[in-house]
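Presented below is the structure to which this report refers.
Protein chains: 2
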Amino acid sequence: MTMNTNGGRRRAAKPPTIHDVAREAGVSRGTVSRVLNGGHYVSPAARESVEAAISRTGYVVNRHARSLITGRSDSVAFLLTEPQERFFEDPNFNVLLRACTQSLADHDIPLLLMIAGTEAERRRITRYITAGHVDGVLLVSSHTGDPAADQLRDAGVPLVACGKPIGHTGKVSYVAADDRDGAHDMVRHLYASGRRRIATITGPLDTPGGIDRLAGYRQALAETGLEADERLVATGDYTRVGGEHAAERLLAAVPDMDALFVASDLMAQGALTALKRANRRVPEDIAVGGFDDSPAALATTPELTTIRQPWDRIASEMVRLLLAQIGGADTSAVILPTELVSRGTV
Amino acid sequence: MTMNTNGGRRRAAKPPTIHDVAREAGVSRGTVSRVLNGGHYVSPAARESVEAAISRTGYVVNRHARSLITGRSDSVAFLLTEPQERFFEDPNFNVLLRACTQSLADHDIPLLLMIAGTEAERRRITRYITAGHVDGVLLVSSHTGDPAADQLRDAGVPLVACGKPIGHTGKVSYVAADDRDGAHDMVRHLYASGRRRIATITGPLDTPGGIDRLAGYRQALAETGLEADERLVATGDYTRVGGEHAAERLLAAVPDMDALFVASDLMAQGALTALKRANRRVPEDIAVGGFDDSPAALATTPELTTIRQPWDRIASEMVRLLLAQIGGADTSAVILPTELVSRGTV
DNA sequence: TTCTCTACTGTGAACGTTCACAGAAAAGTG
DNA sequence: CACTTTTCTGTGAACGTTCACAGTAGAGAA
Chain A
5 MTMNTNGGRR RAAKPPTIHD VAREAGVSRG TVSRVLNGGH YVSPAARESV EAAISRTGYV
65 VNRHARSLIT GRSDSVAFLL TEPQERFFED PNFNVLLRAC TQSLADHDIP LLLMIAGTEA
125 ERRRITRYIT AGHVDGVLLV SSHTGDPAAD QLRDAGVPLV ACGKPIGHTG KVSYVAADDR
185 DGAHDMVRHL YASGRRRIAT ITGPLDTPGG IDRLAGYRQA LAETGLEADE RLVATGDYTR
245 VGGEHAAERL LAAVPDMDAL FVASDLMAQG ALTALKRANR RVPEDIAVGG FDDSPAALAT
305 TPELTTIRQP WDRIASEMVR LLLAQIGGAD TSAVILPTEL VSRGTV
Chain B
5 MTMNTNGGRR RAAKPPTIHD VAREAGVSRG TVSRVLNGGH YVSPAARESV EAAISRTGYV
65 VNRHARSLIT GRSDSVAFLL TEPQERFFED PNFNVLLRAC TQSLADHDIP LLLMIAGTEA
125 ERRRITRYIT AGHVDGVLLV SSHTGDPAAD QLRDAGVPLV ACGKPIGHTG KVSYVAADDR
185 DGAHDMVRHL YASGRRRIAT ITGPLDTPGG IDRLAGYRQA LAETGLEADE RLVATGDYTR
245 VGGEHAAERL LAAVPDMDAL FVASDLMAQG ALTALKRANR RVPEDIAVGG FDDSPAALAT
305 TPELTTIRQP WDRIASEMVR LLLAQIGGAD TSAVILPTEL VSRGTV
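Below, the structure written as structure tokens:
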């Protein structure tokens, strides 16, 4: 059965061009173009008649023609250089992605999502980007040694990273939450609840979140005069099972710990599983603090006390920095404060 | 401190054009263009010399110039018309998004992510799309009455939806998992484990997942000769708390239920919370089956027995259908089989 | 040989916009 | 009034590609 009335391909006749608008408005191409781009040096009468003609014809600028001559594409890449599994598990990416899309939409700039999981993909994408198909890149890759950042920077592509890029030779703009301060706050919070044997599960130590949250932990311990026992530190990998294993190691190494600061909610979720299996009551026997305020923090019982990262602001700052850089501004960095969200595990 | 060696904006001199390649290879623009586009009617010698010139110059085609003349943009929109909260909570979107990006990347087609949460955004995006800035749209909007689908279809934009679009007048291509069959399998599985009082928490009944999974549930009940008690059916909203509340209502209405089929893992997670609070042991007192095989299914204890939707295949089929439709093919639909993943809750 | 057909190649035009420039009108300025 | 400056408008060229077409060379057929 085939519907002949309106089969598959019926593209609207032909979209109106700037010529059509000019004719309709009784002005020249140039005037229409000026109205389209800010409208300087246009008489009120002309502008009005052009605007009327635009809405009458339903004209929309052809971005390809524009890009061809301006050299700008008026689009931005959101580049994820993570192995596949990370993307799924980490809710942060999703929040960030959404917020960036939103922020860019406010500027009428479309976001091109690119995921470079493998080396080949990375090459293809780098090639695409350096060819000038996007004006700039929002980069998400927490792991160190990612060659994409250096490569793009060297090619002169405007670039803003999410999280402090470590292990890079040159300057890269970035926006990050204050990991160190957030971790510090949480550990002080654990201390304030009366705990004195505070352990931690860190992220991978080649990520800024791994390094800085550990630094915040150590700083708080130093301030409060608690002993900095190395057995209190276990390294995780930001996954739930990683957190579970790390907690088991801690339980074996320091059975007397009465608090646990975990550098991500997902790992905290795993840690809670391990604690429950070991018959430790939370928060009675042991207090647990997470980091991220991800959906996972609400999935636990009791709900997880955690550190909220201001993802919306991180996203809008990333976009702001990137657009500024595209406009010619220098590289810069922004650090945003975190917030402690008190729930049931402390 | 300013680094003067290489400040902010230093864009590589000027990318090579097809002219440069032609000169370098000693042929004409036309020949280079033919090599670029399939390479028909090109002598082996010419092709070889062009390919050498391309890799020597590092030439990359300027897609804007190409699009300007071909009328195609060689890009595709991934359009999400969901209110904000859905996106965060539902891991399916993320999996699907990733898989679509991947599938498109295989064809060297970039994906433009667009999120239309509000009416104004929807209008802006529709305008953008109908202006021909993308060749087609991958649409994700499970709720009914979404005007975007009709609007885009009427504008002749190639379109493939994820999940059966309901409440639409005309034909829309779509790819979906076999919801009815999956639900049916799960309920038969519950029956096979000896349960005879099987309740269900459905999705919203204006979504295909809500409707079809309920239909599968009813079909299985009918086949096995179990009583179709209406008190056994509660409606949820695909959120964790929604599942929790629905389970509470069921516990009150039919205290003797011994199995529960929940139409999403997230709701199942909530349901498990409610069951635990009511001191029902899972799976001893009551068996629970979910749907989606989302990460949430692994976060519960015991881990959730669920129905896996083949997201990778759904994505690749969506992309295949869309590209075919862009190429002129008619609308069509694909239904893909699901798979029961047996874990700890049955 | 001559003609036809096929495989291949080069060239001008076009896509829809912005930009630089030139010129006209209006507005200040002396 | 004349002159300069500012505001405004129109026009040709250019961006880098593909497409249609014309043309060439070689192979095969008559």
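Protein chains in written order, with our numbering: chain A, 5 to 350; chain B, 5 to 350.
Glycine included, C-beta positions come from ideal geometry on N, C-alpha and C.
Need the endpoints of the beta strand (DSSP E) that residue i sits in, please.
i, result
"Arg312/A", "Thr310 to Arg312"
"Ala49/B", "Here Ala49/B belongs to no beta strand (DSSP E); instead the alpha helix (DSSP H) covers Pro48 to Thr61."
"Thr304/A", "Run containing Thr304/A: none; DSSP gives neither H nor E here."
"Ile133/B", "Taken as a continuous stretch (DSSP letters only), Ile133/B belongs to no beta strand (DSSP E), as it is neither H nor E."
Who are the Cβ neighbours of residue i in its own chain at under 7 Å, not counting the five residues just before and after it?
i, result
"His193/B", "Gly293, Leu344 and Val350"
"Ile215/A", "Leu209"
"Ile1/B", "What the structure shows of chain B is the stretch from 5 to 350, and residue 1/B is not part of that stretch, so it cannot be assessed."
"Ala219/B", "Arg184"
"Ala159/A", "Thr134"
"Arg235/B", "Ala257 and Val258"
"Ser107/A", "Ala319, Ser320 and Val323"
So with CB distances below 7 Å, who are the chain A contacts of residue i?
i, result
"Ala69/B", "Leu72"
So, residue i versus residue j, is the Cβ gap smaller than 9 Å?
i, j, result
"Ala103/B", "Ser336/B", "no"
"Gly30/A", "Ser53/A", "yes"
"Gly240/A", "Gly207/A", "yes"
"Ala135/B", "Val65/A", "yes"
"Gly213/B", "Ala267/B", "yes"
"Thr243/A", "Gly274/A", "yes"
"Ile58/B", "Val25/B", "yes"
"Val338/A", "Ala180/A", "yes"
"Gln223/B", "His188/B", "yes"
"Leu163/A", "Leu143/A", "yes"
"Ala303/A", "Ala303/B", "yes"
"Ala251/A", "Ala278/A", "yes"
"Arg217/A", "Asp262/A", "no"
"Tyr178/B", "Gly167/B", "yes"
Find the residues of chain A that neighbour residue i, judging by a C-beta separation of less than 8 Å, and give them in chain order.
i, result
"Gln155/B", "Those within 8 Å of Gln155/B in chain A number zero; the least Cβ separation is about 12 Å."
"Arg244/B", "Leu302 and Ala303"
Residues in its own chain within less than 8 Å of residue i by CB, not counting five upstream and five downstream?
i, result
"Ala317/A", "The sequence shown places Arg at residue 317/A, not Ala. Excluding positions up to five away in sequence, the list reads Leu340."
"Glu125/B", "Ile119"
Spell out whether any CB of chain A is found under 9 Å from the CB atom of residue i.
i, result
"Ile22/B", "no"
"Met322/B", "no"
"His137/B", "yes"
"Asn8/B", "Reliability of the predicted coordinates at Asn8/B is poor, the pLDDT of 31 falling under 50, and the value obtained from them is presented with this limitation in mind. Chain A, which has no Cβ nearer than 9 Å to the Cβ of Asn8/B, makes this no."
"Asp296/B", "no"
"Asn66/B", "yes"
"Phe265/B", "no"
"Gln106/B", "yes"
"Gln313/B", "no"
What residues in its chain sit with their C-beta under 6 Å from that of residue i, if we drop five residues either side in the sequence?
i, result
"Thr130/B", "Gln155"
Starting from residue i, trace the alpha helix (DSSP H) both ways and give me its first and last residue.
i, result
"Gly140/A", "From DSSP, Gly140/A is part of no alpha helix (DSSP H) but of the beta strand (DSSP E) over Gly140 to Val144."
"Met322/A", "Trp315 to Ile330"
"Met190/B", "Asp183 to Ala196"
"Glu288/B", "Element bounds for Glu288/B: n/a, residue is neither H nor E."
"Ile73/B", "Arg67 to Thr74"
"Leu40/A", "Arg33 to Leu40"
Taking 8 Å as the cut-off, does the CB of residue i come closer than this to any heavy atom belonging to the ligand GTP?
i, result
"Leu255/B", "Looking for the ligand GTP in the displayed structure turns up nothing, as the structure carries no ligands at all."
Hey, does residue i have any beta-carbon neighbour from chain B nearer than 9 Å?
i, result
"Ile58/A", "no"
"Pro19/A", "yes"
"Asn98/A", "yes"
"Val31/A", "no"
"Lys280/A", "yes"
"Asp112/A", "yes"
"Arg285/A", "no"
"Thr134/A", "yes"
Could you work out which residues of chain B lie near residue i, taking near to mean beta carbons separated by less than 7 Å?
i, result
"Thr305/A", "Thr277"
"Thr310/A", "Going along chain B, no residue has its Cβ under 7 Å from Thr310/A, so there is no contact; the nearest lies around 16 Å."
"Thr130/A", "Correct list: empty, because the minimum Cβ distance to chain B is about 11 Å."
"Leu326/A", "Going along chain B, no residue has its Cβ under 7 Å from Leu326/A, so there is no contact; the nearest lies around 12 Å."
Taking residue i as the query, report the chain B residues whose CB atoms sit under 8 Å from its CB, ordered along the chain.
i, result
"Glu125/A", "Ala109"
"Ser77/A", "His68"
"Gln273/A", "Ala303"
Counting only Cβ pairs nearer than 9 Å, list the residues of chain B close to residue i.
i, result
"Leu115/A", "Leu116, Leu117 and Met118"
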